[in-house]
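Novice: The structure's right below; bear with me while I get my questions together.
2 protein chains.
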Amino acid sequence: MSSGPVIGVDAGGTKLLAGVVDEDLTVGHSVRRLWSGGDRAEVLDTMVEAVSEARAGSGARAVGFGIPALLDFDAGVSISSVHLPLADLAFRDLMTERLGVPVYVDNDANLAALAEQRVGAARGASNVVLLTLGTGIGSGIVLDGHLFRGASGAGAEIGHMTIDHHGPPCQGNCPGRGCLEVMASGTAIAREGTDAGRRHPESALGRLVAQRGVVTGEEVAELALTGDDAACSVMAAAGRSLGAGLASVVNIFEPEVIVIGGGAAAAGDLLLDPAREVVAQRALRPSRDTVRIVPAALGEEAGMVGAGLFALADGRI
Amino acid sequence: MSSGPVIGVDAGGTKLLAGVVDEDLTVGHSVRRLWSGGDRAEVLDTMVEAVSEARAGSGARAVGFGIPALLDFDAGVSISSVHLPLADLAFRDLMTERLGVPVYVDNDANLAALAEQRVGAARGASNVVLLTLGTGIGSGIVLDGHLFRGASGAGAEIGHMTIDHHGPPCQGNCPGRGCLEVMASGTAIAREGTDAGRRHPESALGRLVAQRGVVTGEEVAELALTGDDAACSVMAAAGRSLGAGLASVVNIFEPEVIVIGGGAAAAGDLLLDPAREVVAQRALRPSRDTVRIVPAALGEEAGMVGAGLFALADGRI
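Protein chains in written order, with the working numbering: chain A, 1 to 317; chain B, 318 to 634.
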């Protein structure tokens with residue numbers, strides 16, 4: 001393994017974080033960008049510009065990218081992406097050329113899962129599933145201590161597991177129906193929160209919706225934490241949908257730990273208790289009794305730290 | 318590895334097959350039993366009696382069992398079972414004592430998946446998911462050439478993946494709702510086939526139902542193959558439900574091959590084409606384009622051959 005710091009980049013559905021990650025995993029200078037909903041060229045330019053700023057003067061020797069895409073992992077090619085215009089793109093080659101240092105690329109949630117398993121909420125466990133509730137639902141799966149990526153790198157898309165096959169169409173470029181993502185992502189919580197605010201204009205949620213027209217998933221989570229009933233109901237309903245998905249995850253993977261991250265997960269037990277309850281009611285023994293469902297520990301830095309871990313290991317992780 | 322033949326036992330939800338399996342995987346003398354819906358003692362006695370008959374004079378040096386249970390794999394303990402009274406049972410120790418030879422035990426569908434991946438329909442592929450549509454839906458998952466069993470051996474229960482979280486209660490001891498098993502198992506096909514026969518008394522399916530009161534999943538499959546419209550519709554609807562589950566399997570595992578076994582799978586493309594269609598419509602790129610969905614090749618012997626493979630390898634597989 002080479003030595004020296006690297007840049008870890010977490011490029012999510014709506015925002016990017018890029019930072020210097022040292023060999024001891026401390027994060028140095030980091031920068032943040034929001035996508036403007038731009039086309040592919042703008043998204044890539046933003047990535048290059050953000051990495052260049054984070055890297056300036058750091059001596060970083062490589063860049064690890066987590067991107068919200070289904071990949072051909074060995075080739076470093078993004079095949080499809082539900083939330084960004086990154087389909088059929090030789091991402092690693094292109095970024096290597098533009099950045100002039102070795103570049104490694106994996107799915108964003110895979111790398112967040114790696115970070116939470118190595119140094120976060122699932123430290124010490126070998127079988128871990130992470131879901132991040134953001135624009136979509138990203139997921140990463142660690143089996144027997146190693147990231148599971150599917151046959152070529154396009155697997156581990158638990159957010160696109162059907163939980164209601166007569167349900168509404170999914171988001172972005174996903175052709176699915178009733179995917180977990182459309183029921184329990186930050187976007188879904190925002191949608192349900194906005195509806196609930198309109199139905200309950202007297203609630204704090206209702207006042208925010210009246211004032212702003214819409215709310216975000218994070219805002220619903222924050223209002224739930226202040227005790228607003230309307231917001232609490234929205235989080236509880238999302239938690240139950242999440243729980244239906246997690247019951248399947250428990251039956252399929254028998255993980256030791258399920259880590260829930262993303263902005264909406266800030267609601268903590270207001271979201272997780274209803275999910276735990278559904279798992280306890282619906283999943284099979286012994287898995288339902290042994291699994292721990294916990295909030296992410298690394299917050300919004302998880303993906304960036306994971307991307308750093310990945311680049312520090314020269315992409316062999 | 319020791320040498321000499323072994324006994325492979327496939328104990329499904331409704332029937333048992335036990336046979337001599339030679340080192341080249343040829344199956345010698347085999348016996349079959351149907352469970353009478355008896356209690357634990359009767360089920361275990363039937364197993365012992367069937368193994369003893371299969372083993373007589375064979376010189377078999379070990380017995381491999383596939384049982385429809387969620388296991389503590391290392392301990393050889395059955396923790397829970399949706400379809401047989403095998404909860405909390407030190408199966409391996411008990412059978413070792415009763416049979417007087419080394420005994421190995423795993424989930425029945427795990428071993429069927431192993432057999433199909435090594436010598437059956439998925440030969441040559443390293444990432445394989447098998448579903449058997451029988452009394453329930455058993456599943457086995459081969460990742461990178463190895464059986465994936467979950468943290469302790471209780472995972473890989475894809476039949477108990479929720480595909481309709483507002484759906485009907487699942488079967489047997491499963492506390493879930495809208496599990497794939499309750500929508501697309503042999504039992505579900507039999508239930509829907511019986512209903513369809515009552516609604517269409519003029520059809521061949523209707524005449525069979527009128528005559529017998531109920532039909533089995535295999536019978537619906539057979540009638541569909543003769544071109545009976547009512548039976549074809551039942552198989553197509555089951556295929557679409559199966560497809561909703563398979564779309565999730567494709568997004569989560571990105572398998573190279575999905576193998577569909579069990580009696581109802583005899584309907585072949587009448588079941589699989591609607592499933593393939595849903596996968597093509599609903600799953601993500603590239604996985605939906607690369608996966609092959611194929612019927613099992615080893616027929617009802619898959620589980621027995623897999624149990625034999627497992628015993629031949631002294632349980633280390």
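Where is the CB? At the ideal position from N, CA and C, for every residue including glycine. All of these numbers come straight from a predicted model, not from anything done at the bench.
Let me know if Glu256 (chain A) comes out buried or exposed under the rule of 16 or more other beta-carbons within 10 Å of its beta-carbon.
Specialist: Label assigned to Glu256 (chain A): buried.
Novice: Helix, strand or coil, according to DSSP, for Gly616 (chain B) in the structure here?
Specialist: Helix at Gly616 (chain B).
Novice: Excluding the five sequence neighbours on either side, which residues of its own chain have a C-beta within less than 6 Å of the C-beta of Ser558 (chain B), listed in chain order?
Specialist: Around Ser558 (chain B): Met500 and Ala501.
Novice: Between Leu208 (chain A) and Ala267 (chain A), which are expected to be in contact by the criterion C-beta below 8 Å, what is the C-beta distance as a whole number of angstroms?
Specialist: Contact flag wrong, Cβ pair sits at about 15 Å.
Novice: Which same chain residues, not among the five before or five after Ser520 (chain B), have their C-beta less than 6 Å away from its C-beta?
Specialist: Hits under 6 Å: Asp545 and Ala547.
Novice: Can you tell me which residues form a DSSP beta bridge with Cys496 (chain B)?
Specialist: In DSSP, Cys496 (chain B) forms a bridge with B:Thr479.
Novice: Of all the CB atoms in chain A, is at least one closer than 9 Å to the CB of Ile480 (chain B)?
Specialist: Yes, Ile480 (chain B) counts as interfacial toward chain A.
Novice: Taking just the CA atoms, how far does Thr511 (chain B) sit from His482 (chain B)?
Specialist: Each residue's alpha carbon lies about 24 Å from the other.
Novice: 9 Å is my cut-off, CB to CB: does Asp339 (chain B) come that close to chain A?
Specialist: Chain A, which has no Cβ nearer than 9 Å to the Cβ of Asp339 (chain B), makes this no.
Novice: Quick one: what does DSSP say Asp546 (chain B) is sitting in, helix, strand or coil?
Specialist: DSSP places Asp546 (chain B) in helix when its eight states are reduced to three.
Novice: Shorter than 9 Å from the beta carbon of Thr290 (chain A) to some beta carbon of chain B?
Specialist: Thr290 (chain A) counts as touching chain B.
Novice: In chain order, what residues of the same chain lie with their CB nearer than 8 Å to the CB of Ile396 (chain B), ignoring the 5 residues before and after it?
Specialist: Around Ile396 (chain B): Ala386, Leu387, Leu388, Asp389, Ala404, Asp405 and Ala471.
Novice: Note down, in chain order, every chain A residue with its Cβ under 8 Å from the Cβ of Ala624 (chain B).
Specialist: Those do not exist, as Ala624 (chain B) stays about 21 Å from chain A at its closest Cβ, beyond 8 Å.
Novice: Which residues in the same chain as Val420 (chain B) place their Cβ atom closer than 6 Å to its Cβ, once the five residues preceding and following it in sequence are excluded?
Specialist: Once the five neighbours on either side are set aside, the close Cβ partners of Val420 (chain B) are Val380, Arg409, Met412 and Thr413.
Novice: Output yes or no for whether 9 Å exceeds the beta carbon distance between Val622 (chain B) and Val576 (chain B).
Specialist: No, these two residues do not count as a Cβ contact at 9 Å.
Novice: At 3 residues or longer, what runs of the beta strand (DSSP E) sit wholly inside the segment 81-119 of chain A?
Specialist: Listed in chain order, the complete beta strand (DSSP E) runs (minimum 3 residues) inside the segment 81-119 of chain A are 103-107.
Novice: Which whole runs of the beta strand (DSSP E) in the segment 231-285 of chain A are 3 residues long or more, in chain order?
Specialist: Whole beta strand (DSSP E) segments, 3+ residues: 257-261.
Novice: Please state whether the Cβ-Cβ distance between Ile158 (chain A) and Gly178 (chain A) is less than 9 Å.
Specialist: In this structure, Gly178 (chain A) does not lie closer than 9 Å to Ile158 (chain A) by Cβ.
Novice: Does DSSP put Ser287 (chain A) in a helix, in a strand, or in coil?
Specialist: Looking at Ser287 (chain A) - three-state DSSP - the assignment turns out to be helix.
Novice: Since Val326 (chain B) is in the beta strand (DSSP E), which residue starts that stretch and which ends it?
Specialist: Note, Val326 (chain B): beta strand (DSSP E), Val323 to Ala328.
Novice: Would you call the segment 37-44 of chain A and the segment 106-119 of chain A in contact, with 3 or more CB pairs under 8 Å?
Specialist: The segment 37-44 of chain A vs the segment 106-119 of chain A: no contact.
Novice: I'd like to check one pair, Ser469 (chain B) with Glu254 (chain A): are the Cβ atoms closer than 9 Å?
Specialist: The answer is yes: Cβ separation under 9 Å.
Novice: Do Val337 (chain B) and Ala377 (chain B) count as a contact pair if the criterion is CB distance below 9 Å?
Specialist: It is a contact, given that the beta carbons lie within the stated cut-off.
Novice: With distance defined between alpha-carbon atoms, name the residue in A:Val250, A:Pro274, A:Asn127 and A:Arg292 nearest to Leu284 (chain A).
Specialist: It is A:Val250 whose Cα lies nearest to the Cα of Leu284 (chain A).
Novice: Give me the subset of the segment 147-162 of chain A whose CB atoms are less than 9 Å from a CB atom of chain B, sorted by chain position.
Specialist: Those would be Phe148, Arg149, Gly150, Ala151, Ser152, Gly153, Ala154, Gly155, Ala156, Glu157, Ile158, Gly159, His160, Met161 and Thr162, in chain order.
Novice: Rounded to the nearest angstrom, how far is the Cβ of Gly9 (chain A) from that of Ala307 (chain A), given a contact under 8 Å?
Specialist: Rather than Gly, the amino acid found at residue 9 (chain A) in this sequence is Val. Confirmed, about 5 Å.
Novice: With Asp195 (chain A) as the anchor, note down where its alpha helix (DSSP H) starts and where it stops.
Specialist: Looking at the DSSP string, the run of the alpha helix (DSSP H) that includes Asp195 (chain A) is Gly186 to Arg199.
Novice: Go through its chain and collect everything with a Cβ distance to Val82 (chain A)'s Cβ below 6 Å, but skip five positions before and after it.
Specialist: Taken in chain order, the residues that qualify are Gly136, Gly172, Asn173 and Cys174.
Novice: What's the C-alpha gap between Leu147 (chain A) and Ile317 (chain A)?
Specialist: Each residue's alpha carbon lies about 8 Å from the other.
Novice: So is Ser320 (chain B) buried or exposed if we call it buried at 16+ other beta carbons inside 10 Å?
Specialist: Under this definition Ser320 (chain B) is an exposed residue.
Novice: Could you tell me which chain B residues have their CB closer than 7 Å to the CB of Gln281 (chain A), listed as they occur along the chain?
Specialist: What Gln281 (chain A) touches in chain B: Pro492.
Novice: Terminal residues of the continuous beta strand (DSSP E) containing Gly172 (chain A)?
Specialist: That residue, Gly172 (chain A), is in no beta strand (DSSP E); it is neither H nor E in DSSP.
Novice: Residues of chain A with CB closer than 8 Å to the CB of Pro657 (chain B), please, in chain order.
Specialist: The question about residue 657 (chain B) has no answer here: the residues shown for chain B are numbered 318 through 634.
Novice: Is it buried or exposed for Ser248 (chain A), if we count other Cβ within 10 angstroms and need 16 for buried?
Specialist: Buried.
Novice: Taking a contact to mean a Cβ-Cβ separation below 9 Å, would you say Ile141 (chain A) touches Leu130 (chain A) in this structure?
Specialist: It is a contact, given that the beta carbons lie within the stated cut-off.
Novice: Residues of chain A with CB under 7 Å from Phe635 (chain B), in chain order?
Specialist: What the structure shows of chain B is the stretch from 318 to 634, and residue 635 (chain B) is not part of that stretch, so it cannot be assessed.
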